[in-house]
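A short worksheet on the structure shown next.
There are 2 protein chains.
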Amino acid sequence: MAPWDADLTERTINVFSQTAEYALRAMVCLAQQREDRSLTSQELAEATQVPPGYLSKVLHSLVRGGLIRSRRGVGGGFILARPADTITILDVLNIVDPMQRITFCPLGLQSHGTRLCPLHRKLDDAIARTEEAFSQITLAMLVNEPTLSPSLCELPAPNPKPRP
Amino acid sequence: MAPWDADLTERTINVFSQTAEYALRAMVCLAQQREDRSLTSQELAEATQVPPGYLSKVLHSLVRGGLIRSRRGVGGGFILARPADTITILDVLNIVDPMQRITFCPLGLQSHGTRLCPLHRKLDDAIARTEEAFSQITLAMLVNEPTLSPSLCELPAPNPKPRP
DNA sequence: GTATAAAAGGATCAAGATATCTAATTTGGG
DNA sequence: CCCAAATTAGATATCTTGATCCTTTTATAC
């Protein structure tokens, strides 16, 4: 950060990228649907409040990443590629914005071969712990968790447009 | 991330900003010095392998943040403002690139008042745990930790230029 | 006081991430 | 077959971060 002498006006997120946030919102929305129910890019954009054009890109990369499937044409849309209890937060992050582990000294210090100095060791530990935590949380957990706050988004009224 | 269709060529860091990395390197270098020894921006830039012009900015914001002190003129430079065992990684991050906690629903959902939905609750938990971890690690720990890798940087040969 | 060494500050530039828009392609329905 | 709905794609604009350069200010030494 530190946009020098900038005004720090309302930013919501900086530790996860905006793109990661968008992807997670969309995935949770999809996980909330019935098995056979697909959502269009438009519907998802409204529900998640993500710029429609941009969400298309994000969804596309999720398709390429194998987490969701797409169907073109009328009645098409996006749908989870696997059951919601087999997709973790980490799976999503790894596609749109993988956390870069620190595997070697960022300064090219020959003296420590592959070993990290204490600073980078600690930084990488933190990343590792976060990865570990996210690998334990499935979309199903997020959707089913008993909570006072309805999960993520008021969906666009699961309107009765069932598809065969 | 997801520079679309970009080539992913060697990026070292994305969960912490480049600026944060630079600031931490500099702080560790300063912590390695004897109490009364100050380092110039030049010396620090060499030791930490950070672009000199940019490091100046970073150092300046650390000064404004009260973590280091600066002296102008010949024989000047930068020095820690407090003992190294009272400055944590979190202190540094909070100045150059504070981790933005999620305190309210990023979608402006009126339904959950101040409560977070499961997704954002988990994300914020992760941030919180990382903050907690970093608040426990002081610069002194990083410098003194017995390790096989010398701490961070081969310093510019603590040359004998003692100042009164 | 003058010269010199250093930080502070400002303006500007480059790159990456984010966002938008428009065309192209696929798919299903009449 | 043709139309409409939807994804895919490519090109482009915008904003933030990272980086550079140059001038100004401050402090020390002579």
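Residue numbers (the numbering used here), protein chains in the order written: chain A, 1 to 164; chain B, 1001 to 1164. Quick reminder that beta carbons are idealized off the backbone N, C-alpha and C, glycines included. All values reported here derive from a predicted model rather than from experimental measurement.
Would a check of beta-carbon distances place Asp1091 of chain B closer than 9 Å to chain A?
Asp1091 of chain B does not count as touching chain A.
Contact set for Ser1041 of chain B: own chain, Cβ-Cβ below 8 Å, skip 5 residues either direction
Contacts found: Pro1052, Leu1055, Ser1056, Leu1059, Gly1077, Phe1078.
Whole angstroms are fine: how far does the CA of Ala1023 of chain B sit from the CA of Glu1085 of chain B?
The question names Glu, yet the displayed sequence has Asp at residue 1085 of chain B. Using only the alpha carbons, I get a separation of about 17 Å.
State yes or no: is the C-beta of Leu80 of chain A nearer than 8 Å to some heavy atom of the ligand FAD?
This structure lacks the ligand FAD; in fact it carries no ligand of any kind.
Ala133 of chain A at chain B interface by Cβ criterion, 9 Å
Among the residues facing chain B, Ala133 of chain A is included, as its CB has a counterpart in that chain under 9 Å away.
Identify the residues that DSSP records as bridge partners of Thr166 of chain A: which are they?
No information on residue 166 of chain A is available, as it lies outside the stretch 1 to 164 that chain A covers here.
I think Leu1067 of chain B touches Ile1095 of chain B, with their Cβ atoms under 8 Å apart; what is that distance to the nearest whole Å?
Between Leu1067 of chain B and Ile1095 of chain B the beta-carbon gap is near 6 Å, inside 8 Å, which marks them as a contact.
Inspect the CB distances between the stretch 1030 to 1039 of chain B and the stretch 118 to 129 of chain A and report whether three or more fall short of 8 Å.
When Cβ pairs closer than 8 Å are counted between the two stretches, the stretch 1030 to 1039 of chain B is seen not to touch the stretch 118 to 129 of chain A, the count staying below three.
Taking only the alpha-carbon atoms, compute the straight-line gap between Thr1130 of chain B and Arg1121 of chain B and give it to the nearest angstrom.
Straight across, the Cα-Cα distance linking Thr1130 of chain B with Arg1121 of chain B is about 14 Å.
Output the distance between the C-alpha atoms of Thr1103 of chain B and Leu1116 of chain B, rounded to the nearest integer angstrom.
When rounded, the separation of the alpha-carbon atoms in Thr1103 of chain B and Leu1116 of chain B is 8 Å.
Are there 16 or more other CB atoms within 10 angstroms of the CB of Glu1035 of chain B, so buried, or fewer, so exposed?
Result: exposed.
In this structure, how does DSSP classify Ile137 of chain A when only helix, strand and coil are distinguished?
The answer is coil: DSSP assigns Ile137 of chain A none of H, G, I, E or B.
Looking at chain A, is there any beta carbon in it that lies within less than 9 Å of the beta carbon of Val1028 of chain B?
Chain A contact via Cβ: present.
Gly1076 of chain B, DSSP secondary structure in three states:
Coil.
Could you work out which residues of chain B lie near Val15 of chain A, taking near to mean beta carbons separated by less than 7 Å?
The CB of Val15 of chain A comes closer than 7 Å to the CB of Val1015, Met1099, Gln1100, Ile1127 in chain B, given here in chain order.
Glu132 of chain A: buried (16+ other C-beta within 10 angstroms of its C-beta) or exposed?
Result: exposed.
For Gly65 of chain A, collect the residues of the same chain with a Cβ closer than 7 Å to its Cβ; drop the 5 residues on either side in sequence, then sort them by chain order.
So the qualifying residues of the chain are Ile95.
Give every residue of the same chain whose Cβ lies closer than 6 Å to the Cβ of Ile215 of chain A, excluding the five residues on either side of it in the sequence, and list them in chain order.
Because residue 215 of chain A is not part of the residues shown, which for chain A are 1 to 164, the question remains open.
I think Ala1026 of chain B touches Thr1048 of chain B, with their Cβ atoms under 8 Å apart; what is that distance to the nearest whole Å?
That belief holds up - the Cβ atoms of Ala1026 of chain B and Thr1048 of chain B are roughly 6 Å apart, short of 8 Å.
Can you name the residues of chain B whose CB is closer than 7 Å to the CB of Ile137 of chain A?
Scanning chain B for C-beta atoms nearer than 7 Å to the C-beta of Ile137 of chain A yields Lys1122, reported in chain order.
Near Ser61 of chain A, which residues of its chain fall below 7 Å by C-beta distance, leaving aside the five closest residues on each side in sequence?
Contacts found: Ile95, Val96.
Helix, strand or coil at Arg1082 of chain B [DSSP, three-state]:
Arg1082 of chain B falls in the coil class under three-state DSSP.
Beta-carbon spacing of Leu119 of chain A, Val1063 of chain B below 9 Å:
No.
Is the Cβ of Leu107 of chain A closer than 9 Å to any Cβ of chain B?
Answer yes: the Cβ-Cβ gap between Leu107 of chain A and chain B drops below 9 Å somewhere.
For the stretch 1032 to 1056 of chain B, enumerate the residues whose C-beta is nearer than 8 Å to any C-beta of chain A, in chain order.
Within the stretch 1032 to 1056 of chain B, the residues whose Cβ lies closer than 8 Å to some Cβ of chain A are Thr1048, Gln1049, listed in chain order.
Listing by chain order, which chain B residues have their CB less than 7 Å from the CB of Thr130 of chain A?
Under the 7 Å cutoff, chain B gives Ala1126, Thr1130.
Just mark Pro1106 of chain B as buried or exposed, buried being the case when its beta carbon has 16 or more other beta carbons within 10 Å.
That one is buried.
Buried versus exposed call for Asp7 of chain A [16 or more other C-beta atoms within 10 Å across all chains shown]:
With a pLDDT of only 40 at Asp7 of chain A, under the threshold of 50, the placement of this residue in the model should not be trusted; the figure read from the coordinates follows. By the beta-carbon neighbour count (other beta carbons within 10 angstroms, threshold 16), Asp7 of chain A is exposed.
Name the chain A residues that come within less than 7 Å of Leu1024 of chain B, Cβ to Cβ?
Within chain A, Leu119 have C-beta atoms less than 7 Å from the C-beta of Leu1024 of chain B, given in sequence order.
Sequence-distant residues of its chain with Cβ nearer than 7 Å to Leu1093 of chain B (five each side left out):
Listed in chain order, the non-local C-beta contacts of Leu1093 of chain B below 7 Å within the same chain comprise Ala1020, Met1099, Phe1134, local neighbours out to five positions each way being set aside.
Local conformation of Ile87 of chain A per DSSP, three classes:
The DSSP-derived three-state label of Ile87 of chain A is coil.
Can a CB atom of chain B be found closer than 9 Å to the CB of Val63 of chain A?
Chain B contact via Cβ: absent.
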